[in-house]
Amino acid sequence: MRHEPQASGGAPMSTPAAQDGLRTELSDARKRALELSGKLQEVSTQNSRLVDALQRAREKMEGMRQALEHDGDLPFGHGVVVRVHRGGTAAPGTSIKSADVRSVDIAHGGRRVRTSVSPLVDFAGLRPGTEVLLNEALVVVALLPQQGTGELMTVKEVLPGERLLVSGPADDQRVVVLGGELTATPPRPGELVLVEQRSMVATQVVRPQGYSALELEHVPDTRYTDIGGLGPQIEAIRDAVELPFLHSELFAEHQLRAPRGVLLYGPPGCGKTLIAQAVAHSLSEEAGTRGYFLNIKGPELLDKYVGETERQIRLIFDRARDKAAAGHPVVIFFDEMDALFRTRGTGVSSDVETTIVPQLLAEIDGVEKLENVLVIGATNREDMLDPALLRPGRLDVKVRIRRPDREGSSQVLSLYLNESVPLAAAELEHYGSAAGAATGLCEVAVEEIFHRDSMTAMLELTDEDGTVTVLHRGDLVSGASLRNIVDRAKRAAIKRVLAGGERGLDAELVRHAVQDEFAELGQMPASGDPEEWARVSGRRGARLVKVRSLAAGA
């Protein structure tokens, strides 16, 4: 019997098949070792990268710590940013590397310095005009809020490169840089800007209270129905003004141009301003777009500096043209027009009208077209206006606003005395309804105003030919006085309620209000010059030589 050979120690010797298996396992082990070696090398590389990143972070943190320690030392200086450099913008060969990095030019101590910015400061928040704090190394360490101090200058022209041509109080012209909020919204010529003198940077637009007249206002909510006693005048204005604006194609077809201006003249307090507001509202409403109304009170534009009034007039029309170009109707209303545009050569202590009047004429019919813009003037001294303003092509439409008659006075009173006002129970019972009682009280007031006897006489006028005319209450009534009468009656009704009396208006209160209103008017002295009084009050006819008050207690 044959026996297999055994290895030393009693173990059987490997067969060829077993040896092949061992070789395969050895080969697989070598492959796994190679794979593990590759992964180990990859992990080692990643670890080296992490070590490098950690080292850089440590160095950056150390740099920031040192910057904090260094930048936080007092005292700090103040500076103003003139220009911001983002870095990396210099053309090759024009700058060394250290000069082409993120930095700012600042005005500090009377000189201009380029300096760096602390890494703790938001670089994006820096722009010309920004006030900053500087450490001893002149590094920007903090941004400060705008101080709002400097010199006011007038913008003459907007220049390329975010610059402005401005003029100072002495009319000296300078070029300044746009900064602050103006970098996003540049100012317009004629506006006032605040200029920081150290850096010569314009930081914001300033609108002093005295320049409020130059602000565009939205159209007031005044309608023609809010005006009483001026039906014929309103109809004439609507025909002359609204038709050309609302039906421009028909006027173009007939080769007829729209009027450029309207003059409202007449006694004080008769509704000239209300009519101008109603015209603006009607134009805006009919055109279906938002309109603008500039209420210019004549004396507001007068300025002691030569040329300043003319500049403001130019600015008014420039802004009006800007809005009109966008399709918005614009009404420029000059109240008390005689204060600005009186006849040239009639000035007593000055001759400002010799340049103000030509400026307005140039704006109305100058080279630039004035479309969608209507000029309305109001005055009670039309005799003082320069004749050049009144010729056709300028203030084309002239409407005389007269004092209200009986019917007109009743209409005006009904605007302020109606069924919405508390009325006395006795009046409601007498007339049967609140509307009837309000109408009845208006008629009581009208009768008290227009009754003519010796008790209602107000003034005695003597003409140059000796004719004597007596004016009564009804001859001096105005829309303003009618409203004041109703207000007096309402105040008396309130006082009666507070004293424990009956609530609401009645005929007695209305009569007393009329009497008190004209008694107060009679106590006001008439002008020493009869002709002057006649012009202001709107009286026409023969020249007056004497005005005497007949009111009781005068």
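In this text, residue positions in the sequence shown follow UniProt numbering: the first is 1, and each later residue adds one.
All residues carry an ideal CB built from backbone N, CA and C; glycine is no exception.
ALA492 has its alpha-carbon roughly 16 Å from the corresponding atom of LEU482. Under the 10 Å beta carbon count, LEU54 is surrounded by fewer than 16 other beta carbons and is classified as exposed. Residue pairing by DSSP places HIS78 opposite LEU133 in a beta bridge. If you ignore the 5 residues before and after ALA435, its C-beta comes within less than 6 Å of the C-beta of GLU419, all in its own chain and listed in chain order. Taking a contact to require three or more Cβ pairs closer than 8 Å, the stretch 257 to 266 and the stretch 421 to 430 do not qualify as touching.
Burial state of GLN312 is buried, judged by a 10 Å Cβ sphere holding 16 or more other Cβ atoms.
By the criterion of a C-beta distance shorter than 6 Å, GLN277 is surrounded in its chain by PRO220, THR222, once the five residues flanking it on both sides are discounted.
Between ALA507 and LEU415, the C-beta gap is not smaller than 8 Å, which leaves the two residues out of contact. The C-alpha of VAL486 is placed about 29 Å away from the C-alpha of PHE334.
Per the DSSP secondary-structure output, ASP100 pairs with nothing in a beta bridge. It is roughly 60 Å from the alpha-carbon of VAL357 to the alpha-carbon of GLY93.
According to DSSP, MET153 shares a beta bridge with VAL193. Restricting attention to ARG83, LEU164, LEU550, the CA atom closest to the CA of SER454 is found in LEU550. The three-state reading of DSSP puts ARG394 in coil, since its state is none of H, G, I, E or B. Judged by DSSP in its simplified three-state form, MET458 adopts strand. When the five nearest sequence neighbours on each side are left out, the beta carbons in the same chain lying within less than 6 Å of the beta carbon of ASP303 are those of THR309, in order along the chain. Residues VAL219, PRO220, ASP221, THR222, ARG223 of the same chain have their beta carbon placed closer than 7 Å to that of HIS281, with the five preceding and five following residues left out of the count. Within the stretch 455 to 508, the complete beta strand (DSSP E) runs of at least 3 residues fall at 457 to 463, 468 to 472.
Distance from the CA of ARG394 to the CA of VAL177, rounded to the nearest whole angstrom, comes to 41 Å.
Segment contact: the stretch 375 to 391 against the stretch 464 to 478, fewer than three CB-CB distances shorter than 8 Å; contact not assigned.
For ARG511, the closest C-alpha among the options SER37, GLY504, VAL444, VAL545 is that of VAL444. With fewer than 16 neighbouring CB atoms inside 10 Å of its own CB, ASP20 falls in the exposed class.
By the neighbour-count criterion, in which a residue is buried when 16 or more other Cβ atoms sit within 10 angstroms of its Cβ, ALA326 is exposed.
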